Structures are given as C-alpha cells and as structure tokens.
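Heads up: the structure comes next, in structure tokens.
Residue numbers (the numbering used here): 1 to 310.
Printed below as a string of structure tokens:
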C-alpha cells in the first residue's frame, strides 16, 4: 500500500547518525505544528540511552520504549497505543538504526503494520551544521524503509551558519529546513517540561517575546510546501497569531537572562536606533540626533537587567 498524502494517520520518525543534530528538537517542533492544528500527538521516546524527548517534554508526556523490545511485542504495543492519536512521533536514539538491537525489529514491525493500515510514514533524516552526517546514513535509511515510507532530509541550521556537509544538496530526497534558535530562547523553552504547543499557548511569565520567537520558528518550519498535506491551515493561522510582531534585534539572545521581555524590548530598541542612524537620507543634524539616541539606548542596555554582555 503506497503512502497517501491525505492519510488520516501520520507517523513521523526523527533519525540521525550523531548526537546533537537536533532530532529531539525536531520532534518538539513537529508536535507544536500538529497539535496547534487540532491533531492528537502520541510522542514516543525510543532513545533508551538518553531519553531526550522525555527530559524535554516531561516523562509523563511521552511513551517510553525499551531497546529490549522485540518484533513479537509490536501487535500488543499497537493495540495499546496506536489509537491514542492521529500523529505518532517517534524520536530515535542517535545512530540506533546502525545498531544490532531488538528494538529496530520492533520498530520496523510497528511501522509496517501502521503503513498496512493506511498510515503515512515519514522518515526525517536529520543533518545539522554542528554535527555533519555522512550521506551513507541517508542511503541506509532509504534502503531499509523506502518501501514503506517517505525519506526526507531535514537540514537543521543549529549554529546559524547555514553550512551543511558537501553532498547533502545533491541528494535526490526532498529537503526541509529548521531555522536556528538562539541559545537564550532555547534556554527559555527548556524551563518547562511540557510540549512546545502548551508553552506557545500559555507563555511563561516575563517571556512572551521569547515565546513569540519560538512560535515564529515553528510557523516557518510548518509553512514549507512539503508539509502542505500534513499541517492544517488552522495551525498556521494560530502560529502566525502567536508569533505576533517578532522584533528585529541587534544582539543575538545568548542567555535566558537576556530573553526576558524587558531585555528583548531594549535589544529591539537598540536595533531600531541603529537602523535610524544608518538611514541614507539623514542630514547632519538628524545624524547627530540619531547617534545620541543610539548612545542612550546602549547606555540603557548596559546599565539595566542582565549586565554588560549581550
């Protein structure tokens, strides 16, 4: 049975060869995009050695899998869990697909049974700027699972450089991008062990602007053409509303202390003052006034809140 783009049930599998590439972060973002469109997500932590998804979302919000699970356990597991939602997100341990572990036979059986039942299966092979991944990893995923699902390369711009391993761009698989999230905004997200959709719906006090930046990133991710049949327009509308007017900032938000609403407001004020100073049409008097305004904004930034460093 071929994958249907309009299947009522979707299975998303995040896979990577190396730790730190962003597979759990990708699962987190996908949950928000699906849930905010009215879908029920089942989040499966298949990383028995790390439990990154459970640590990020809270263990009560995920289903944990043991690496000792075997193919014979698949029917019972599906009977207990498959009906809990219409979006199943599996977060695999780094490199687990290359290991000779019973859980891979279990997962293969689960995915095949779901596909035979009409589910759309998508394997996200995650490559990132800070954890280069050989293209042989993608080839292996395709050879193992290309008959039951779609293989998509997710390019995670984790360090903001936009530089990926040579050979990724030439691969024939479809590609999607996950934009960079500043370390300070990421730290705010990790303050609460809840699904990202819950945080976007009810921002942490004093971090509304940081939460809007998170929502904007999810919106950019979910708006890519490849997700047109996966993410509802209602989700995009809610994410767009949650994003509000994300301000342009002068400094990258490197710490949670600089991610508060007050600090982001000052950061945005600095950026606006700098843009005004660089406006080409200013006369000498206006340049002087703009320069003084920029100096005042800098003084306020340096003397308020988180201190001297951005």
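All residues carry an ideal CB built from backbone N, CA and C; glycine is no exception. Note that the coordinates shown come from a computational prediction; the quantities given were computed from them, not determined experimentally.
Leaving out five residues before and five after residue i in sequence, what residues of the same chain have Cβ atoms less than 6 Å from its Cβ?
{"i": "residue 145", "result": "123"}
{"i": "residue 90", "result": "13, 44, 46"}
{"i": "residue 217", "result": "179, 181"}
{"i": "residue 312", "result": "Residue 312 cannot be examined here, being either before or after the span of the chain that is shown, 1 to 310."}
{"i": "residue 62", "result": "43, 45, 53, 54"}
{"i": "residue 183", "result": "254"}
{"i": "residue 177", "result": "155"}
Would you decide whether residue i is buried or exposed? Buried here means 16 or more other CB atoms lie within 10 Å of its CB.
{"i": "residue 262", "result": "exposed"}
{"i": "residue 23", "result": "buried"}
{"i": "residue 159", "result": "exposed"}
{"i": "residue 213", "result": "buried"}
{"i": "residue 75", "result": "exposed"}
{"i": "residue 288", "result": "exposed"}
{"i": "residue 109", "result": "buried"}
{"i": "residue 162", "result": "exposed"}
{"i": "residue 149", "result": "buried"}
{"i": "residue 156", "result": "buried"}
{"i": "residue 312", "result": "Given a span of 1 to 310 for the chain in the structure shown, any question on residue 312 remains unanswerable."}
{"i": "residue 275", "result": "exposed"}
To the nearest angstrom, how far is it from the Cα of residue i to the Cα of residue j?
{"i": "residue 307", "j": "residue 10", "result": "Its pLDDT being 49, under 50, residue 307 is placed unreliably in this model, and the coordinates cannot settle the point."}
{"i": "residue 238", "j": "residue 52", "result": "27 Å"}
{"i": "residue 42", "j": "residue 86", "result": "8 Å"}
{"i": "residue 277", "j": "residue 265", "result": "18 Å"}
{"i": "residue 281", "j": "residue 270", "result": "20 Å"}
{"i": "residue 227", "j": "residue 193", "result": "26 Å"}
{"i": "residue 102", "j": "residue 186", "result": "34 Å"}
{"i": "residue 27", "j": "residue 209", "result": "23 Å"}
{"i": "residue 39", "j": "residue 81", "result": "15 Å"}
{"i": "residue 297", "j": "residue 260", "result": "17 Å"}
{"i": "residue 230", "j": "residue 88", "result": "12 Å"}
{"i": "residue 279", "j": "residue 292", "result": "15 Å"}
{"i": "residue 221", "j": "residue 202", "result": "20 Å"}
{"i": "residue 304", "j": "residue 256", "result": "15 Å"}
{"i": "residue 172", "j": "residue 189", "result": "34 Å"}
{"i": "residue 125", "j": "residue 83", "result": "26 Å"}
Going by beta carbon distance, what residues of the same chain come within less than 8 Å of residue i, once the five residues before and after it are set aside?
{"i": "residue 1", "result": "At residue 1, the pLDDT of 44 sits below 50, so the modelled position is not reliable; the number obtained from the coordinates is stated separately. These residues qualify, in order along the chain: 115, 116, 118."}
{"i": "residue 267", "result": "247, 249, 250, 251, 253, 258, 301, 310"}
{"i": "residue 106", "result": "65, 69, 70, 71, 73, 74, 77"}
{"i": "residue 112", "result": "148"}
Return the Cβ separation of residue i and residue j in integer angstroms, given the expectation that the two are a contact with Cβ distance under 8 Å.
{"i": "residue 138", "j": "residue 121", "result": "That pair is no contact at about 16 Å."}
{"i": "residue 48", "j": "residue 93", "result": "7 Å"}
{"i": "residue 164", "j": "residue 151", "result": "Their Cβ separation, rounded to whole angstroms, is 17 Å, which puts residue 164 and residue 151 out of contact at 8 Å."}
{"i": "residue 36", "j": "residue 197", "result": "5 Å"}
{"i": "residue 195", "j": "residue 57", "result": "5 Å"}
{"i": "residue 330", "j": "residue 200", "result": "The chain is shown from 1 up to 310; residue 330 falls before or after that span and cannot be answered."}
For residue i, which residues in the same chain have their Cβ closer than 7 Å to its Cβ, ignoring the five residues on either side in sequence?
{"i": "residue 130", "result": "20, 158, 159"}
{"i": "residue 223", "result": "236"}
{"i": "residue 219", "result": "236, 239, 240, 243"}
{"i": "residue 225", "result": "none"}
- Runs of alpha helix (DSSP H) wholly within the region 54–91 (minimum 4 residues, chain order): 74–81
- Query: Whole alpha helix (DSSP H) runs in the region 203–240 with 4 or more residues, listed along the chain?
  - Reply: 208–222
- Hey, which unbroken runs of the beta strand (DSSP E) at 3 residues or more fall wholly within the region 123–197? 150–156, 175–178
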